[in-house]
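S.K.: For the sequence shown, the residue numbers in the working numbering are 128 to 304.
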Amino acid sequence: MMLDITENALEELIATYARHITTTAGRRPGRPLRRFRDDTVGDTAAADRAACWLRLVSIVEIYVETLLRRLDGKEAGKAPRGWDDVVKALKTRHAIDASDAEGWAKLESCIIVRNAVAHGLGRFTPNQLKQEKPRKVRLIDVPVRDGAVVVTSEALAGCVETCRGFVTALDRTSQSV
128 MMLDITENAL EELIATYARH ITTTAGRRPG RPLRRFRDDT VGDTAAADRA
178 ACWLRLVSIV EIYVETLLRR LDGKEAGKAP RGWDDVVKAL KTRHAIDASD
228 AEGWAKLESC IIVRNAVAHG LGRFTPNQLK QEKPRKVRLI DVPVRDGAVV
278 VTSEALAGCV ETCRGFVTAL DRTSQSV
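Here it is as structure tokens:
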């Protein structure tokens with residue numbers, strides 16, 4: 128039996144992706160490009176896909192943090208700061224290795240794309256480039272052009288499946304401990 132927080136996270140992932148599909152389904156291809164404040168020009172549909180990606184991965188992050196808080200109970204430890212802290216806290220406090228959960232490698236690549244979107248408007252930051260992050264997104268078939276991620280419809284569909292699979296796998300792992 129799944130935890131209620133797992134069911135809620137899965138419902139939110141499905142609803143987020145469904146809202147994206149519903150709101151973008153009737154758009155004409157070749158819509159005019161939009162000029163942004165920094166004088167870059169962008170495709171509105173691409174921006175919508177990137178925003179959806181950001182929300183999907185953030186839902187998973189919130190789920191994992193909530194799972195940690197639930198497992199901690201009244202013995203809550205230091206509040207984690209980001210993915211690395213949450214993963215370390217799960218392992219040290221509860222012997223749950225999230226990086227061993229099915230789908231972790233793909234989720235980690237999804238996180239890299241989310242960070243590029245959140246911190247660089249889709250462009251990799253100099254630090255991400257130095258760490259060779261663009262190479263790691265090949266695992267999930269996200270194209271990189273001119274130092275920026277290109278969130279395609281196919282890649283977005285893969286992201287939602289990766290997120291769903293990871294949440295389900297982590298739920299199973301957390302209940303077997």
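Glycine included, C-beta positions come from ideal geometry on N, C-alpha and C. Please read all numbers here as calculations on a predicted model, not as lab measurements.
#1: If you draw a straight line from the C-alpha of Phe163 to the C-alpha of Thr133, how long is it?
#2: Under three-state DSSP, which class holds Ala275?
#3: For a test of the three-state rule: what should DSSP assign to Arg208, helix, strand or coil?
#4: Thinking just about the alpha-carbon of each residue, which of Asp298, Gly247, Phe293 is nearest to the one in Gly274?
#5: Using only the alpha-carbon positions, how far apart do Arg272 and Ser185 sit?
#6: Expressed to the nearest angstrom, what Euclidean distance is found between the alpha-carbon atoms of Arg241 and Leu266?
#7: Straight-line CA distance for Glu288 to Ala136?
#8: Out of Gln302, Asp298, Ser301, Arg291, state which residue places its alpha-carbon closest to the alpha-carbon of Ala142.
#9: Could you check where the alpha helix (DSSP H) with Gln302 kicks off and where it finishes?
#10: What's the gap between the Cα of Thr151 and the Cα of Ala173?
#11: Report whether the distance from the Cβ of Leu137 to the nearest heavy atom of the ligand FMN is below 8 angstroms.
#12: Between which two residues does the alpha helix (DSSP H) harbouring Pro270 extend?
#13: Does the beta carbon of Thr193 come closer than 9 angstroms to any beta carbon on chain D?
#14: For Ala177 and Val244, what's the separation of their Cα atoms in angstroms?
#15: Please report the distance separating the alpha-carbon of Leu297 from that of Asp224.
#16: Would you tell me roughly how many angstroms separate the C-alpha atoms of Lys260 and Arg220, rounded to the nearest one?
M.R.: Short version:
#1: With a pLDDT of 49 at Phe163, under the threshold of 50, the modelled position of that residue is not reliable, and the figure given next carries that caveat. Looking at the two C-alpha atoms, the distance is approximately 37 angstroms.
#2: strand
#3: coil
#4: Gly247
#5: 24 angstroms
#6: 14 angstroms
#7: 13 angstroms
#8: Arg291
#9: 280-303
#10: 10 angstroms
#11: In the structure on display, the ligand FMN does not appear, and there are no ligands present to speak of.
#12: Per DSSP, Pro270 belongs to no alpha helix (DSSP H) and is neither H nor E.
#13: Reference to chain D is not applicable here, since this structure consists of a single protein chain.
#14: 7 angstroms
#15: 9 angstroms
#16: 29 angstroms
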